[in-house]
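Trainee:
There are 2 protein chains.
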Amino acid sequence: MTITKAACIGGGVIGAGWVARLVLNGIDVAVFDPDPEARRKVDEVMKGARRAYKRLATAGLPKEGKITYAKTIAEAVADADFIQESVPERLDLKHRVLAEIDAHAPSSALVGSSTSGIKPTDMQVAMKKHPERLVVGHPFNPVYLLPIVEIVGGEQTWPEAIELAREYYAEIGMKPVVIRKEIEAFVGDRLLEAMWREALWLIKDGICTVEELDDIMRYGFGLRWAQMGMFQIYRVAGGEAGMRHFMAQFGPCLSWPWTKLMDVPEFNDELVDLIAGQSDEQSGKWSIRELEKIRDDNLVAIMEALSKENRGKGWGAGELHKTYVKQLGAAAKAKVSKAAEKAKATKPKKVAKAKK
Amino acid sequence: MTITKAACIGGGVIGAGWVARLVLNGIDVAVFDPDPEARRKVDEVMKGARRAYKRLATAGLPKEGKITYAKTIAEAVADADFIQESVPERLDLKHRVLAEIDAHAPSSALVGSSTSGIKPTDMQVAMKKHPERLVVGHPFNPVYLLPIVEIVGGEQTWPEAIELAREYYAEIGMKPVVIRKEIEAFVGDRLLEAMWREALWLIKDGICTVEELDDIMRYGFGLRWAQMGMFQIYRVAGGEAGMRHFMAQFGPCLSWPWTKLMDVPEFNDELVDLIAGQSDEQSGKWSIRELEKIRDDNLVAIMEALSKENRGKGWGAGELHKTYVKQLGAAAKAKVSKAAEKAKATKPKKVAKAKK
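From first to last, the protein sequence lines stand for chains A and B. Mapping the first sequence onto the numbering used here, position 8 (from 1) lands on 8, and the numbers just tick up by one. Mapping the second sequence onto the numbering used here, position 85 (from 1) lands on 441, and the numbers just tick up by one.
#1: List, from N- to C-terminal side, the alpha helix (DSSP H) runs of 4 residues or more that fit wholly inside the region 38 to 85 of chain A.
#2: Report yes or no: is there a C-beta of chain A within less than 8 angstroms of the C-beta of residue 558/B?
#3: Under the DSSP definition of a beta bridge, which residues are partnered with residue 445/B?
#4: Check each candidate in 505/B, 582/B, 558/B, 528/B and name the one with the smallest Cα separation from residue 545/B.
#5: With DSSP as the reference, please indicate the residues paired to residue 506/B in a beta bridge.
#6: If we ignore side chains and look at the alpha-carbon of each, how far apart do residue 361/A and residue 105/A end up?
#7: Taking C-beta to C-beta, are residue 476/B and residue 508/B nearer than 8 angstroms?
#8: Give the straight-line distance between the Cα atoms of residue 452/B and residue 202/A, rounded to the nearest whole angstrom.
#9: Identify the contact partners of residue 551/B in chain A, using a Cβ-Cβ distance below 8 angstroms as the criterion.
#10: Return the first residue and the last residue of the beta strand (DSSP E) that residue 6/A is part of.
#11: Using a C-beta cutoff of 8 angstroms, does residue 676/B count as contacting chain A?
#12: Does residue 404/B get closer than 8 angstroms to chain A when you measure Cβ to Cβ?
#13: Cβ closer than 7 angstroms: which chain B residues qualify as neighbours of residue 279/A?
#14: Is residue 575/B close to chain A? Criterion is C-beta to C-beta, closer than 8 angstroms.
#15: What does DSSP give as the partner residues of residue 468/B in its beta bridges?
#16: Does the pairing of the region 131 to 139 of chain A with the region 100 to 117 of chain A give three or more beta-carbon distances under 8 angstroms?
#17: Under a three-way DSSP split, which group does residue 32/A fall into?
#18: Is the beta carbon of residue 481/B less than 8 angstroms from the beta carbon of residue 365/B?
#19: For residue 537/B and chain A, any beta-carbon pair shorter than 8 angstroms?
#20: If you reduce the DSSP assignment to three classes, tell me which class residue 576/B lands in.
#21: Can you tell me where the alpha helix (DSSP H) with residue 654/B in it begins and where it stops?
#22: If you follow the alpha helix (DSSP H) that residue 231/A is in, where does it begin and where does it stop?
#23: What residues from chain A crowd round residue 651/B, counting only those whose CB sits closer than 8 angstroms?
#24: Establish whether the CB of residue 365/B and some CB of chain A are separated by less than 8 angstroms.
#25: Would you identify the three-state DSSP class for residue 323/A, choosing helix, strand or coil?
#26: Find the residues of chain B that neighbour residue 91/A, judging by a C-beta separation of less than 9 angstroms, and give them in chain order.
#27: Are residue 631/B and residue 247/A close, meaning C-beta to C-beta below 8 angstroms?
#28: I want to verify the contact list: residues of chain B whose CB lies under 9 angstroms from the CB of residue 18/A, in sequence order.
#29: Between residue 525/B and residue 532/B, what straight-line distance do the alpha-carbon atoms span, to the nearest angstrom?
#30: Among 85/A, 172/A, 100/A, 128/A, whose alpha-carbon lies nearest the alpha-carbon of residue 138/A?
#31: Beta-carbon separation of residue 74/A and residue 5/A under 8 angstroms?
#32: Tell me, please, whether the CB atom of residue 25/A is closer than 8 angstroms to any CB atom in chain B?
#33: Which same chain residues, not among the five before or five after residue 294/A, have their C-beta less than 8 angstroms away from its C-beta?
#34: Hey, would you say residue 193/A sits closer than 8 angstroms to residue 547/B, going by beta carbons?
#35: Does the beta-carbon of residue 390/B have 16 or more other beta-carbons within 10 angstroms, so that it is buried, or is it exposed?
#36: Beta-carbon within less than 7 angstroms of residue 309/A's beta-carbon, same chain only, minus the 5 sequence neighbours each way: which residues are those?
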């Protein structure tokens with residue numbers, strides 16, 4: 001199955017990121033967002049994404065899909081076979097939007113939700129016609145570059161919908177991971193939340209600043225996690241003795257007083273001021289746009305670098321990057337040859353006409 | 357200040373990693389480890405480190421320092437100006453070893469401990485002569501490649517010792533971050549512990565496998581953390597509205613049921629079996645040595661890639677990588693010119709002799 005026409009409901013950072021990934025893969029997208037600024041915001045993200053893909057797509061890029069702005073959800077989804085919802089994280093809003101999508105989308109269309117935490121079971125109750133086609137397709141920012149997407153099904157979701165989601169997301173260069181059991185926040189955000197909570201304690205208690213904490217990540221374990229995850233890295237650390245040895249050595253730490261996580265830091269103005277102030281000190285010299293460009297360039301550079309490792313086969317996100325670049329290149333050629341065919345198909349007609 | 361002679365007490369994965377970093381920077385190291393297998397184990401790590409540096413040091417590498425194996429701690433530290441302790445994480449053992457180091461090392465020598473969690477205050481009580489020169493210098497595996505080192509002082513540590521540690525670690529290509537307040541597990545391991553705990557829950561509850569969790573990291577936020585840390589990435593995610601906006605949006609999640617962290621999973625055989633089994637499935641096709649090579653190649657590749665970003669100035673670990681490569685190259689030349697000088701200095705003498 002191939003996406004021929006997509007709809008994106010919600011054009012914020014995440015929604016616009018989906019728009020960018022889709023159109024850069026040559027797919028037409030209808031956008032619905034009631035924000036009068038939506039078009040400008042999508043344009044902004046598109047600018048960044050085009051810039052990143054110019055560098056990423058070393059083998060060529062298909063002709064960009066067309067973006068149209070719909071006045072209603074009904075209009076946006078009317079002829080879509082893939083719909084991605086990225087509206088704010090409020091269950092009542094999700095219900096309203098999903099009900100409308102469901103009422104107006106073709107019955108064969110797949111519906112993905114970008115929610116980073118709400119269970120699909122709790123969302124699909126609002127879909128009266130085809131709740132079985134709802135999946136969570138949870139991406140990470142920037143959506144047009146980071147490959148991961150967590151797919152989660154709800155109680156009413158059909159296995160076929162999960163499979164179709166896997167195909168659709170892979171088709172636009174992503175790495176789908178299907179979460180086995182539905183829980184709030186799924187896997188990625190559970191882990192991020194754990195880190196975030198501990199990080200807030202460390203800042204609040206004055207153990208380090210946000211810049212120092214970031215440095216400990218990016219000069220340290222972040223470099224490991226970009227290529228192997230936590231478990232594979234620990235397996236290597238365990239050495240020949242293996243994973244069991246590693247766990248025997250570090251397992252007991254769980255009961256040591258090595259964490260503040262048993263408790264939640266109070267989220268007040270003081271904490272926000274502290275962190276926002278330190279963040280200004282750390283990054284105030286760059287605008288967000290500049291930082292975005294640096295981030296995107298770094299992401300492409302890391303994936304490119306990893307695409308040459310493992311005896312040239314590529315490793316992790318680099319292996320996928322290699323495939324993605326080829327795929328975009330092939331799509332570029334396919335479009336060209338389609339156009340060439342079309343030209344050919346037209347030419348003889350003209351010739352025939354002329355002969356008449 | 358420059359390290360002229362180092363001693364490494366403990367030659368396990370971490371200790372041997374220090375040996376490798378030091379000798380590859382041209383510094384002689386005396387090793388003490390009572391394990392009869394110590395020499396073989398250090399050789400093994402040296403092999404991996406030499407391989408990695410062959411690729412990393414594109415501008416040249418100084419002549420390798422000499423490794424000698426001492427029969428006692430006293431012998432190892434006798435003429436060292438920098439001593440790094442990397443023995444197992446038991447306070448009684450640390451006390452015994454640090455007492456002996458302190459008794460026999462020159463009084464001007466700096467003592468760094470590789471502990472990943474014990475407070476320096478609790479360790480330095482065993483040092484009767486010069487407790488003020490103990491710092492924690494907590495590295496991350498592989499020590500010869502990952503730049504980060506957390507420096508932590510105890511109650512008796514002199515500020516001058518912290519400063520000297522900063523210089524010494526930077527001299528061998530590391531990124532020192534001084535932790536502002538002494539707490540158990542410092543910063544890096546606090547964060548890792550938070551992740552590890554949540555990860556164990558996710559595996560135990562069957563939400564995902566270790567491979568799926570690793571993929572969510574390495575195709576997702578791991579790629580972000582390798583270049584910016586958590587706070588800088590979130591700042592960018594907050595967009596023009598900034599960090600305050602980001603926090604306002606996600607702060608309340610802290611009180612949502614989005615984590616299992618309030619509780620500790622029971623660490624039993626069942627959990628170990630589950631994880632070790634899944635780890636075999638994920639990585640059993642590679643030997644640990646193969647995985648180590650892949651990891652090291654990937655680390656160098658990522659740092660190399662980042663060294664070309666940010667308009668060629670390099671970014672994060674890549675900026676440091678750039679400097680480090682130059683520094684190693686300069687050291688290579690310095691050794692050469694010293695040797696050339698020596699040769700020159702010798703030659704005239706001979707000439708003079710011949711003239712006589």
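Each residue gets a CB set at the ideal place from its N, CA and C atoms; glycine is no exception.
Mentor: Quick answer:
#1: 38 to 56, 73 to 77
#2: Stepping through the second sequence from its first residue, residue 558/B is reached at position 202. Cβ-Cβ to chain A under 8 angstroms: yes for residue 558/B.
#3: Here residue 445/B refers to the residue found at position 89 when the second sequence is read from its first residue. Its beta-bridge partners do not exist; DSSP assigns none.
#4: The residue given as residue 545/B occupies position 189 in the second sequence. The shortest C-alpha separation from residue 545/B is found at 505/B.
#5: Mapped onto the second sequence, residue 506/B falls at position 150. DSSP output for residue 506/B lists 494/B, 533/B as bridge partner(s).
#6: Since the first residue shown for chain A is 1 and the last is 356, residue 361/A is missing from the structure and cannot be characterised.
#7: Your numbering for residue 476/B matches position 120 in the second sequence. Your numbering for residue 508/B matches position 152 in the second sequence. Their beta carbons are under 8 angstroms apart, which means residue 476/B touches residue 508/B by this criterion.
#8: If you number the second sequence from 1, residue 452/B lands on position 96. If you number the first sequence from 1, residue 202/A lands on position 202. Residue 452/B and residue 202/A: Cα-Cα distance of roughly 31 angstroms.
#9: Here residue 551/B corresponds to residue number 195 of the second sequence, with the count starting at 1. By Cβ distance, chain A contributes 191, 194, 195, 230.
#10: The count along the first sequence starts at 1 and reaches residue 6/A at position 6. Element bounds for residue 6/A: 5 to 9.
#11: Against the second sequence, residue 676/B aligns to sequence position 320. Yes, because at least one Cβ of chain A sits closer than 8 angstroms to the Cβ of residue 676/B.
#12: Along the second sequence, read from residue 1 onward, the residue named residue 404/B stands at position 48. Residue 404/B does not count as touching chain A.
#13: Reading the first sequence from its first residue, position 279 is the one you call residue 279/A. Going along chain B in sequence order, the residues near residue 279/A (Cβ under 7 angstroms) are 587, 591, 599.
#14: Here residue 575/B refers to the residue found at position 219 when the second sequence is read from its first residue. Residue 575/B counts as touching chain A.
#15: Your numbering for residue 468/B matches position 112 in the second sequence. Bridge partners of residue 468/B: 440/B, 491/B.
#16: yes
#17: Position 32 of the first sequence, counting from 1, holds the residue named residue 32/A. Strand at residue 32/A.
#18: As a first step, residue 481/B is located in the second sequence; it is residue number 125 there, counting from the start. As a first step, residue 365/B is located in the second sequence; it is residue number 9 there, counting from the start. Not a contact, by the Cβ cut-off of 8 angstroms.
#19: On the second sequence, residue 537/B is found 181 positions in, with the first residue counted as 1. With 8 angstroms as the cut-off, residue 537/B counts as an interface residue toward chain A.
#20: In the second sequence, the residue the question calls residue 576/B occupies position 220. If DSSP states are grouped into helix, strand and coil, residue 576/B belongs with the helices.
#21: What you label residue 654/B is simply residue 298 of the second sequence in a count that begins at 1. Note, residue 654/B: alpha helix (DSSP H), 644 to 663.
#22: The sequence position of residue 231/A within the first sequence is 231, counting from 1. 230 to 238 is the span of the alpha helix (DSSP H), which, as asked, contains residue 231/A.
#23: The residue given as residue 651/B occupies position 295 in the second sequence. Within chain A, the residues near residue 651/B are 224, 227, 228, 233, 236.
#24: Numbered from its first residue, the second sequence carries residue 365/B at position 9. Chain A contact via Cβ: absent.
#25: Position 323 of the first sequence, counted from the first residue, corresponds to residue 323/A. Reduced to three states, the DSSP call for residue 323/A is helix.
#26: As a working note, residue 91/A is residue 91 in the first sequence. Near residue 91/A there are no residues of chain B at all, since even the closest Cβ is about 12 angstroms away, more than 9 angstroms.
#27: One-based indexing of the second sequence puts residue 631/B at position 275. One-based indexing of the first sequence puts residue 247/A at position 247. For residue 631/B and residue 247/A, yes; Cβs fall inside 8 angstroms.
#28: In the first sequence, residue 18/A corresponds to position 18, counting from 1. Correct list: empty, because the minimum Cβ distance to chain B is about 15 angstroms.
#29: The count along the second sequence starts at 1 and reaches residue 525/B at position 169. The count along the second sequence starts at 1 and reaches residue 532/B at position 176. Answer to the nearest angstrom: the Cα atoms are 7 angstroms apart.
#30: Residue mapping note: residue 138/A aligns to position 138 of the first sequence, counting from 1. Looking at the Cα atoms, 85/A is the closest of the given residues.
#31: Working through the first sequence from its first residue, we reach residue 74/A at position 74. Working through the first sequence from its first residue, we reach residue 5/A at position 5. Against a cut-off of 8 angstroms, the Cβ pair of residue 5/A and residue 74/A comes out as no contact.
#32: Within the first sequence, numbered from 1, the residue matching residue 25/A stands at position 25. Chain B, which has no Cβ nearer than 8 angstroms to the Cβ of residue 25/A, makes this no.
#33: Within the first sequence, numbered from 1, the residue matching residue 294/A stands at position 294. Excluding residues within five positions, the ones whose Cβ falls inside 8 angstroms are 286.
#34: As a working note, residue 193/A is residue 193 in the first sequence. As a working note, residue 547/B is residue 191 in the second sequence. Result no, Cβ atoms of residue 193/A and residue 547/B do not sit closer than 8 angstroms.
#35: For this step, residue 390/B is matched to residue 34 along the second sequence. It counts as exposed.
#36: Walking along the first sequence from the start, residue 309/A turns up at place 309. These residues qualify, in order along the chain: 315, 318.
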